[in-house]
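S.K.: Under the numbering used here, the first residue of the sequence shown carries the number 68, and numbering increases by one thereafter.
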Amino acid sequence: MARTVSGPGEAGRPSAAGRPAGHIRQIKNTARKSTGGRAPRDGSRSEVTAKRRYRPGTVALREIRQYQKSTEMLIAKLPFSRLVREVAHDLGSTGNEMLRWQSTAILALQEATEAFLVHLFEDANLCAVHAKRVTIMPRDIHLARRIRGPWGGLG
(Lines of atoms letter the chains of each structure in order from A; the text may use other names.)
(Lines give C-alpha, C1' and ligand atoms only; values in the text may rest on other atoms or scores of the structure.)
Protein backbone atom coordinates (compact mmCIF):
# COMPACT_ATOMS: atom_id res chain seq x y z
CA MET A 68 0.00 0.00 0.00
CA ALA A 69 1.15 3.49 -0.72
CA ARG A 70 0.14 6.40 1.41
CA THR A 71 0.47 10.00 0.47
CA VAL A 72 1.77 12.88 2.46
CA SER A 73 0.06 16.24 2.05
CA GLY A 74 0.44 17.85 -1.33
CA PRO A 75 0.63 21.47 -2.53
CA GLY A 76 -3.16 21.92 -2.60
CA GLU A 77 -3.40 21.84 1.19
CA ALA A 78 -1.82 25.21 1.96
CA GLY A 79 -1.60 26.44 5.50
CA ARG A 80 -2.19 23.12 7.20
CA PRO A 81 0.74 21.07 8.41
CA SER A 82 0.94 17.60 6.89
CA ALA A 83 0.56 14.38 8.79
CA ALA A 84 4.33 14.15 8.99
CA GLY A 85 4.58 17.65 10.51
CA ARG A 86 5.97 19.34 7.41
CA PRO A 87 4.67 22.71 6.25
CA ALA A 88 2.15 22.84 3.43
CA GLY A 89 3.47 23.36 -0.05
CA HIS A 90 5.95 20.57 0.35
CA ILE A 91 6.43 18.30 -2.67
CA ARG A 92 4.09 15.37 -2.71
CA GLN A 93 5.79 12.25 -1.48
CA ILE A 94 4.71 8.63 -1.74
CA LYS A 95 5.95 6.21 0.88
CA ASN A 96 5.85 2.50 0.17
CA THR A 97 5.20 0.21 3.07
CA ALA A 98 6.83 -3.21 3.05
CA ARG A 99 4.56 -6.06 1.94
CA LYS A 100 4.98 -9.78 2.07
CA SER A 101 5.01 -11.44 -1.35
CA THR A 102 2.30 -14.05 -1.85
CA GLY A 103 3.37 -15.25 -5.29
CA GLY A 104 0.22 -14.01 -7.00
CA ARG A 105 -2.13 -15.88 -4.67
CA ALA A 106 -4.44 -14.45 -2.08
CA PRO A 107 -2.87 -14.54 1.37
CA ARG A 108 -4.03 -17.33 3.67
CA ASP A 109 -6.11 -16.49 6.65
CA GLY A 110 -4.61 -17.29 10.03
CA SER A 111 -7.46 -19.55 11.10
CA ARG A 112 -5.91 -22.68 9.57
CA SER A 113 -3.26 -24.40 11.62
CA GLU A 114 0.07 -25.27 10.08
CA VAL A 115 0.22 -28.65 8.35
CA THR A 116 2.40 -31.03 10.30
CA ALA A 117 4.99 -33.12 8.50
CA LYS A 118 3.92 -36.65 7.57
CA ARG A 119 5.02 -39.29 10.04
CA ARG A 120 8.05 -41.28 8.92
CA TYR A 121 8.43 -44.75 10.37
CA ARG A 122 11.73 -46.53 10.76
CA PRO A 123 12.71 -48.90 7.94
CA GLY A 124 10.94 -52.23 8.31
CA THR A 125 8.15 -51.05 10.62
CA VAL A 126 5.59 -50.62 7.85
CA ALA A 127 6.70 -53.88 6.21
CA LEU A 128 6.13 -55.81 9.44
CA ARG A 129 2.73 -54.15 9.87
CA GLU A 130 1.76 -55.17 6.32
CA ILE A 131 2.93 -58.74 6.94
CA ARG A 132 0.72 -58.98 10.04
CA GLN A 133 -2.20 -57.45 8.14
CA TYR A 134 -1.93 -59.86 5.20
CA GLN A 135 -1.49 -62.87 7.49
CA LYS A 136 -4.73 -61.99 9.32
CA SER A 137 -6.77 -61.36 6.18
CA THR A 138 -8.35 -63.94 3.90
CA GLU A 139 -9.15 -61.82 0.84
CA MET A 140 -7.48 -62.33 -2.53
CA LEU A 141 -4.18 -60.55 -3.04
CA ILE A 142 -4.29 -60.58 -6.83
CA ALA A 143 -6.99 -58.37 -8.35
CA LYS A 144 -9.85 -60.46 -9.74
CA LEU A 145 -10.43 -58.76 -13.08
CA PRO A 146 -6.80 -58.79 -14.33
CA PHE A 147 -6.48 -62.42 -13.19
CA SER A 148 -9.66 -63.33 -15.05
CA ARG A 149 -8.37 -61.61 -18.20
CA LEU A 150 -5.09 -63.50 -17.94
CA VAL A 151 -6.85 -66.86 -17.49
CA ARG A 152 -9.07 -66.22 -20.50
CA GLU A 153 -6.10 -65.12 -22.63
CA VAL A 154 -4.00 -68.17 -21.72
CA ALA A 155 -6.94 -70.51 -22.31
CA HIS A 156 -7.57 -68.86 -25.68
CA ASP A 157 -3.89 -69.19 -26.69
CA LEU A 158 -3.61 -72.82 -25.59
CA GLY A 159 -6.88 -74.43 -26.46
CA SER A 160 -8.62 -72.56 -29.19
CA THR A 161 -8.84 -73.66 -32.79
CA GLY A 162 -10.39 -70.76 -34.62
CA ASN A 163 -12.32 -67.87 -33.16
CA GLU A 164 -14.46 -69.65 -30.56
CA MET A 165 -13.94 -68.49 -26.99
CA LEU A 166 -14.10 -70.77 -23.97
CA ARG A 167 -16.68 -69.76 -21.42
CA TRP A 168 -15.77 -69.71 -17.74
CA GLN A 169 -17.92 -69.92 -14.66
CA SER A 170 -17.00 -67.28 -12.10
CA THR A 171 -16.55 -69.98 -9.44
CA ALA A 172 -14.08 -71.80 -11.70
CA ILE A 173 -11.96 -68.67 -12.04
CA LEU A 174 -12.16 -68.07 -8.28
CA ALA A 175 -11.04 -71.66 -7.59
CA LEU A 176 -8.15 -71.21 -10.01
CA GLN A 177 -7.19 -67.95 -8.31
CA GLU A 178 -7.31 -69.56 -4.85
CA ALA A 179 -5.02 -72.36 -6.02
CA THR A 180 -2.67 -69.91 -7.73
CA GLU A 181 -2.33 -67.71 -4.67
CA ALA A 182 -1.79 -70.72 -2.39
CA PHE A 183 0.91 -72.00 -4.74
CA LEU A 184 2.67 -68.62 -4.86
CA VAL A 185 2.54 -68.11 -1.10
CA HIS A 186 4.02 -71.58 -0.54
CA LEU A 187 6.70 -70.92 -3.16
CA PHE A 188 7.70 -67.63 -1.54
CA GLU A 189 7.83 -69.29 1.88
CA ASP A 190 10.25 -71.89 0.52
CA ALA A 191 12.27 -69.21 -1.31
CA ASN A 192 12.50 -67.25 1.95
CA LEU A 193 13.87 -70.35 3.69
CA CYS A 194 16.50 -70.63 0.93
CA ALA A 195 17.46 -66.98 1.41
CA VAL A 196 17.71 -67.38 5.19
CA HIS A 197 19.87 -70.48 4.69
CA ALA A 198 22.21 -68.35 2.55
CA LYS A 199 22.33 -65.79 5.44
CA ARG A 200 20.35 -63.21 3.48
CA VAL A 201 17.06 -61.46 4.14
CA THR A 202 16.32 -60.62 0.49
CA ILE A 203 14.74 -63.18 -1.82
CA MET A 204 16.57 -63.47 -5.13
CA PRO A 205 15.57 -65.30 -8.32
CA ARG A 206 18.04 -68.08 -7.52
CA ASP A 207 16.13 -68.75 -4.28
CA ILE A 208 12.92 -69.27 -6.24
CA HIS A 209 14.72 -71.50 -8.75
CA LEU A 210 16.20 -73.58 -5.91
CA ALA A 211 12.84 -73.89 -4.16
CA ARG A 212 11.18 -75.10 -7.37
CA ARG A 213 14.03 -77.53 -8.04
CA ILE A 214 13.83 -79.02 -4.55
CA ARG A 215 10.03 -79.37 -4.81
CA GLY A 216 10.25 -81.52 -7.91
CA PRO A 217 8.25 -81.47 -11.15
CA TRP A 218 4.83 -81.11 -9.49
CA GLY A 219 6.06 -78.55 -6.98
CA GLY A 220 3.53 -78.99 -4.23
CA LEU A 221 0.59 -79.38 -6.59
CA GLY A 222 -0.23 -82.94 -5.66
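We put the beta carbon where it would ideally sit given N, CA and C, even for glycine.
Contact check, residue 169 vs residue 142 under 8 Å by CB: the rounded distance?
M.R.: Not quite, the Cβ-Cβ distance comes to about 18 Å (not below 8 Å), so this is no contact.
S.K.: When the Cα atoms are used, what is the spatial distance from residue 163 to residue 220?
M.R.: 35 Å
S.K.: Beta strand (DSSP E) containing residue 94: first to last residue?
M.R.: 94-96
S.K.: Helix, strand or coil: how does DSSP classify residue 232 here?
M.R.: Only positions 68 to 222 of the chain appear in this structure, which leaves residue 232 out of reach.
S.K.: Does the pairing of the segment 121-132 with the segment 151-162 give three or more beta-carbon distances under 8 Å?
M.R.: The segment 121-132, when compared against the segment 151-162, does not touch it at the 8 Å Cβ threshold.
S.K.: Rounded C-beta distance between residue 173 and residue 148? I'm assuming under 8 Å.
M.R.: In this structure, residue 173 and residue 148 form a Cβ contact; the two beta carbons are roughly 5 Å apart against a cut-off of 8 Å.
S.K.: Is the beta carbon of residue 187 closer than 8 Å to that of residue 208?
M.R.: In this structure, residue 187 lies closer than 8 Å to residue 208 by Cβ.
S.K.: Whole-angstrom Cβ separation of residue 190 and residue 211, contact assumed at under 8 Å?
M.R.: 4 Å
S.K.: For residue 183, which of 140, 126 and 97 has the nearest alpha-carbon?
M.R.: 140
S.K.: Measuring only the C-alpha atoms, how far is residue 193 from residue 165?
M.R.: 41 Å
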